[in-house]
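J.: The structure under discussion is supplied below as structure tokens; questions concerning it will follow.
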Amino acid sequence: MNSKLAQCLFLGIILILNNLLLIFGHPVENENDGTNGQTSEEFDKVTRNYVEELVKSEKHLLSLRQFAVEWAHNNALIFRNKKVPPTTDAIYRSDVAVIAPFSLFPSPFPRHAFEHALAVQKALNLLYFRVGTDIDFLERAYSDLIKTDENFSNTMDVLRTVREEGIRQPITVMYQRADYMLNVVGGQDEAEPNYEIKQLEVNCGSVAGTSLDRRTAHLNHVLLQRAGFHPAPEDLPENWPDKAQIESIKMAWEEYNKSDAIVVILISTISETIFDANFFETELDRLSNGRIKVERITLNDCVHRCKLDENFALRLDGREVAVVKSRYSVLGLRARGTELNILKNFRLMLERSLAIKIPSTFIGFSCSKKVQQLLAEPGELEHFFPEESDAEMVKAIRKTFAGMWSLENTDENTEQKIQDAINHPENYVLKSNMECGGNNYFDEKIPIKLTGITPTERSFHILMQKLRPMPIKNVMVHPNTKPKINEMVSELAVYGVLIGNMTTRTVSHNVQQGHLLKTKLATANEGGISTGSAVHDSPILF
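Numbering (mature numbering (1 follows the signal peptide of the UniProt record, and there is no 0)), first residue to last: -25 to -1, 1 to 517.
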């Protein structure tokens, strides 16, 4: 048989086999139900409900969820299991981890609103730094609260004492997270509704979990590619909030300028985000080539183990402390009974010490709803930004303010506003002065609370305009929960870091870096990730 005949025979056999495969064969099914790698222009257009087009079947959705859960475990997008009994020995509490709740895909968010929130963040950092260093303003803001609330009164006493003695450590580091929600102006069903960004709250104390925010954005981007969706790179903003925070701790430690001084991170006894705290510790070790030593301890441990020496250096079991990073909220950490004086004395010890605080109680005390409401009144922003060159920035900040009303007065306007909230609670949210969300009243609970509230309790609350958020479609991923596409709404959180001198009121470092979407069911009022009603999410801009 010559070579040409053999070649023809071989090609003929191949042709026959191919035809048999077309008749009898079955293609191998891939994990993504045949959609992996699809790159059509139709698929790559971001809409509010693009996720519905992206997920092709229940089988496809389950496959994506399985991949996402395994990715989360492999990349430390995890919580410590909060169901571990509190009696469990501390060394075993981290043995069991669960996935942190997250969205399967990034949620749509208007580009102009996202950029507006980022653009004002450095000014917000500076604003709340100036508020925290203006004790006369704080006295005015809390004049009614300190008469009725011992925790507020005690904290103000600490600030007065430290001011009278003189601030021994003027350097402070502030982490800030400003929370916003989109407000839809006009009909939500319009083809091109208008969106405005409105500020919900500003947190300057308990700002943790930022490594999870970075990992969520990464996972969301991986899932888009896996599902065959390829948006433009500028539609997926980079997210490194933990990097900015870790670098600021290193900067504070270097500012203290004692190589053997340690960093203390205050954590709660049962902390879901303990792996995030561990990441901070290991990154500080890596960035400093092992020079920065970190101790993670609870507040109770610090109360008993930390002392001031004769030079006002803070010492933990004899070791000098350069930096104290607290994962507790100044406003959210509240005591009762005999614990009131313990907490007050502990705060006074920290503020008297030479250790650099993240943040100082002065700064942490500035982030209440009352301060937020007061800053929205005419002329208050100008008090902190008096220069003509600041006018445009003041205007940009004020544009983010929702309607807010104080309740402590008994004038006719206040009484009319309270009555309107009782008659039309669907237009309002009743908020307490607690930091970091929660403790809010919605709908039918508003008239119940306002009807039963005493005049002295009014000062602990403000009324805020209820916003009409933009509904989108996405998928929540919780442990042991079947995924499905739901109608949801998102809050945008923007992170900032500032290092400043509280005595001279000068700033040496001020950055905006990082963000978070907290996404919840559209039917939910509160949206807390730790409570399970919301998930970590990231934006895809349109």
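We treat Cβ as the ideally placed atom computed from N, Cα and C, and that holds for glycine.
1) What residue range is occupied by the uninterrupted alpha helix (DSSP H) comprising Arg373?
2) Using 10 angstroms around the beta-carbon of Lys332, count the other beta-carbons present and answer buried if the total reaches 16, otherwise exposed.
3) Hey, would you say Ala75 sits closer than 9 Å to His511, going by beta carbons?
4) Is the stretch 303 to 320 touching the stretch 358 to 369 in the sense that three or more CB pairs, one from each, lie closer than 8 Å?
5) In three-state terms, what does DSSP make of Trp215?
6) In the DSSP assignment, what residue or residues form a beta bridge with residue 532?
7) Within 10 angstroms of its Cβ, does Glu326 collect 16 or more other Cβ (buried), or is it exposed?
8) With which residues is Arg290 paired in a DSSP beta bridge?
9) For Thr130, collect the residues of the same chain with a Cβ closer than 6 Å to its Cβ; drop the 5 residues on either side in sequence, then sort them by chain order.
10) If you drop the 5 nearest sequence neighbours on each side, which residues of the same chain put their C-beta closer than 6 Å to that of Val137?
11) Buried or exposed for Ser513, please, with buried defined as at least 16 other CB atoms from any protein chain shown within 10 angstroms of its CB.
12) The alpha helix (DSSP H) that contains Ile397, what's its start and end?
13) Would you call the stretch 180 to 197 and the stretch 489 to 496 touching, i.e. three or more CB-CB distances under 8 Å?
14) Is any heavy atom of the ligand MG found at a distance shorter than 8 Å from the C-beta of Val26?
15) Alpha carbon to alpha carbon, how far is Asp70 from Leu37?
16) Taking Cβ positions, are Val450 and Val44 nearer each other than 9 Å?
17) Taking 9 Å as the cut-off, decide whether the C-beta atoms of Asn178 and Ser32 are in contact.
18) Identify whether Thr14 lies in helix, strand or coil by the three-state DSSP scheme.
19) With a cut-off of 8 Å, do at least 3 Cβ pairs link the stretch 368 to 388 to the stretch 96 to 103?
20) For Ile224, tell me which candidate among Thr494, Leu262 and Glu247 has the shortest Cα-Cα distance.
21) Please go through the stretch 438 to 466 and give each complete beta strand (DSSP E) segment of 3 or more residues, from N-terminal end onward.
22) Quick one: what's Asp154 bridged to in DSSP?
23) Is it buried or exposed, Glu466, if we count other Cβ atoms within 10 angstroms and call 16 or more buried?
24) Output the distance between the C-alpha atoms of Val278 and Pro446, rounded to the nearest integer angstrom.
25) Less than 9 Å between the beta carbons of Arg143 and Phe287, yes or no?
26) Whole angstroms is fine: what's the gap from Asn50's alpha carbon to Glu125's?
27) Could you give the distance in angstroms between the alpha-carbon of Glu285 and the alpha-carbon of Arg294?
28) Measuring CA to CA, which of Asp217, Cys281 and Asp260 is closest to Leu241?
29) Please confirm whether Val26 and Phe80 have their CB atoms less than 9 Å apart.
30) For Val59, which option in Asn169, Ser246, Pro212 and Gly184 has the closest C-alpha, if you only look at C-alpha atoms?
31) Is the beta carbon of Ser343 less than 9 Å from the beta carbon of Glu383?
32) Between Val296 and Val239, which are expected to be in contact by the criterion C-beta below 8 Å, what is the C-beta distance as a whole number of angstroms?
33) So what does DSSP say about Thr429, is it helix, strand or coil?
34) Between Gly9 and Phe204, what straight-line distance do the alpha-carbon atoms span, to the nearest angstrom?
35) Output the distance between the C-alpha atoms of Lys420 and Gln440, rounded to the nearest integer angstrom.
36) Just the Cα atoms here: how many angstroms apart are Gln41 and Leu283?
T.: Quick look at the numbers:
1) Taking the sequence shown and counting its residues from 1, one reaches residue 373 at position 398. Per DSSP, Arg373 belongs to the alpha helix (DSSP H) from Ala366 to Arg373.
2) Locating residue 332 in the sequence shown gives position 357, where the first residue counts as 1. It counts as buried.
3) Taking the sequence shown and counting its residues from 1, the one referred to as residue 75 is at position 100. Taking the sequence shown and counting its residues from 1, the one referred to as residue 511 is at position 536. A contact, by the Cβ cut-off of 9 Å.
4) no
5) If you number the sequence shown from 1, residue 215 lands on position 240. Looking at Trp215 - three-state DSSP - the assignment turns out to be coil, as it is neither helix nor strand.
6) Any answer about residue 532 is impossible in this case: the structure gives the chain only from -25 up to 517.
7) On the sequence shown, residue 326 is found 351 positions in, with the first residue counted as 1. Per the 10 Å Cβ criterion, buried.
8) As a first step, residue 290 is located in the sequence shown; it is residue number 315 there, counting from the start. Partner(s): Lys282 and Glu295.
9) The sequence position of residue 130 within the sequence shown is 155, counting from 1. Excluding residues within five positions, the ones whose Cβ falls inside 6 Å are Phe340.
10) Residue numbering aside, residue 137 sits at position 162 when the sequence shown is read from its first letter. For Val137, where only same-chain residues beyond five positions count, the Cβ hits under 6 Å are Glu326.
11) If you number the sequence shown from 1, residue 513 lands on position 538. By the 10 Å Cβ count, Ser513 comes out buried.
12) Reading the sequence shown from its first residue, position 422 is the one you call residue 397. Per DSSP, Ile397 belongs to the alpha helix (DSSP H) from Glu387 to Asn398.
13) yes
14) Ligands are entirely absent from the displayed structure, and the ligand MG is therefore not among its contents.
15) As a working note, residue 70 is residue 95 in the sequence shown. As a working note, residue 37 is residue 62 in the sequence shown. So the two alpha carbons sit approximately 27 Å from each other.
16) The residue given as residue 450 occupies position 475 in the sequence shown. The residue given as residue 44 occupies position 69 in the sequence shown. It is not a contact, given that the beta carbons lie outside the stated cut-off.
17) For the purposes of this step, residue 178 is taken as the residue at position 203 of the sequence shown. For the purposes of this step, residue 32 is taken as the residue at position 57 of the sequence shown. Going by C-beta atoms, Asn178 is not nearer than 9 Å to Ser32.
18) Indexing the sequence shown from 1 puts residue 14 at position 39. In this prediction, Thr14 has a pLDDT of 39, which is less than 50 and means its spatial position is unreliable; nothing more can be read from the coordinates.
19) yes
20) Within the sequence shown, numbered from 1, the residue matching residue 224 stands at position 249. Comparing Cα positions, the closest option is Leu262.
21) 447 to 452
22) Stepping through the sequence shown from its first residue, residue 154 is reached at position 179. Paired residue(s): Glu176 and Ala468.
23) As a position in the sequence shown, residue 466 is number 491, starting the count at 1. The residue in question, Glu466, is buried, as its Cβ has 16 or more Cβ neighbours within 10 Å.
24) Taking the first residue of the sequence shown as position 1, residue 278 is located at position 303. Taking the first residue of the sequence shown as position 1, residue 446 is located at position 471. Approximately 46 Å, taken between the alpha carbons.
25) Within the sequence shown, residue 143 is the residue found at index 168, counting from 1. Within the sequence shown, residue 287 is the residue found at index 312, counting from 1. Yes, these two residues count as a Cβ contact at 9 Å.
26) Taking the first residue of the sequence shown as 1, we reach residue 50 at position 75. Taking the first residue of the sequence shown as 1, we reach residue 125 at position 150. Whole-angstrom Cα-Cα distance: 44 Å.
27) The sequence position of residue 285 within the sequence shown is 310, counting from 1. The sequence position of residue 294 within the sequence shown is 319, counting from 1. Going by the C-alpha atoms only, they are around 14 Å apart.
28) The sequence position of residue 241 within the sequence shown is 266, counting from 1. It is Cys281.
29) Indexing the sequence shown from 1 puts residue 26 at position 51. Indexing the sequence shown from 1 puts residue 80 at position 105. Their beta carbons are under 9 Å apart, which means Val26 touches Phe80 by this criterion.
30) Against the sequence shown, residue 59 aligns to sequence position 84. Here the closest residue by C-alpha is Ser246.
31) Here the question's residue 343 lines up with position 368 in the sequence shown. Here the question's residue 383 lines up with position 408 in the sequence shown. No.
32) Indexing the sequence shown from 1 puts residue 296 at position 321. Indexing the sequence shown from 1 puts residue 239 at position 264. Confirmed, about 5 Å.
33) The sequence position of residue 429 within the sequence shown is 454, counting from 1. DSSP places Thr429 in coil when its eight states are reduced to three.
34) Within the sequence shown, the letter at position 34 stands for residue 9. Within the sequence shown, the letter at position 229 stands for residue 204. Here Gly9 scores only 42 on pLDDT, less than 50, and its place in the model is too uncertain to base an answer on.
35) Sequence index remark: in the sequence shown, residue 420 carries index 445 (1-based). Sequence index remark: in the sequence shown, residue 440 carries index 465 (1-based). Near 15 Å, if we compare the C-alpha coordinates of Gln440 and Lys420.
36) Taking the sequence shown and counting its residues from 1, one reaches residue 41 at position 66. Taking the sequence shown and counting its residues from 1, one reaches residue 283 at position 308. When rounded, the distance between both Cα atoms is 52 Å.
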